[in-house]
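My numbering numbers the first residue of the sequence shown as 9 and each following residue consecutively.
Note that the Cβ used here is the ideal one computed from N, Cα and C, for glycine as well.
Nothing here was measured: the structure is a model prediction, and the numbers come from that model.
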Amino acid sequence: MFDPTRLLSDPYAKANVDHNGKSIIVNSNFRWTDQGFKTPAMKDLVLYEMHVKDFTAHSSSGVNGSKKGKYLGLLEGKGTDKVLGHLIDLGVNAVELLQ
């Protein structure tokens, strides 16, 4: 039964701001360049949870200067020497970014 005093999520929304049901408009004109990407099967999933700040700010990360503690720090280095290359070496195929 519909309750006009209660906020509901838009069932067709592409994204929500929070749990209160407020939806946002998403620009769907973005052209993705990874059309060949396939999600790993659940049995093959190797998930790594990380806090970007902790992962890139630590002295062992190899990240220098203003990129320490930032998303750009994940791209520091060249090829598989990038900070994310460490995860590739571990066999990780999915990353969950934590708050």
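Secondary structure of residue i, DSSP reduced to three states
i, result
"residue 49", "coil"
Burial state of residue i (16 or more Cβ within 10 Å)
i, result
"residue 81", "buried"
"residue 57", "exposed"
"residue 53", "exposed"
"residue 15", "exposed"
Residue i and residue j closer than 8 Å at C-beta
i, j, result
"residue 19", "residue 102", "no"
"residue 83", "residue 90", "yes"
"residue 24", "residue 31", "yes"
"residue 106", "residue 59", "yes"
Other residues of its chain near residue i: CB distance less than 6 Å, five sequence neighbours each side excluded
i, result
"residue 77", "61, 64, 65"
Residue-level contact to chain B via CB, residue i, 8 Å cutoff
i, result
"residue 11", "The chain inventory of the structure shown lacks chain B, comprising one protein chain alone."
Sequence-distant residues of the same chain with beta carbon closer than 7 Å to residue i, five excluded per side
i, result
"residue 100", "54, 56"
Practice item. Entirely within the stretch 14-99 and at least 4 residues each: give me those alpha helix (DSSP H) ranges in chain order. Key: 60-65, 91-98
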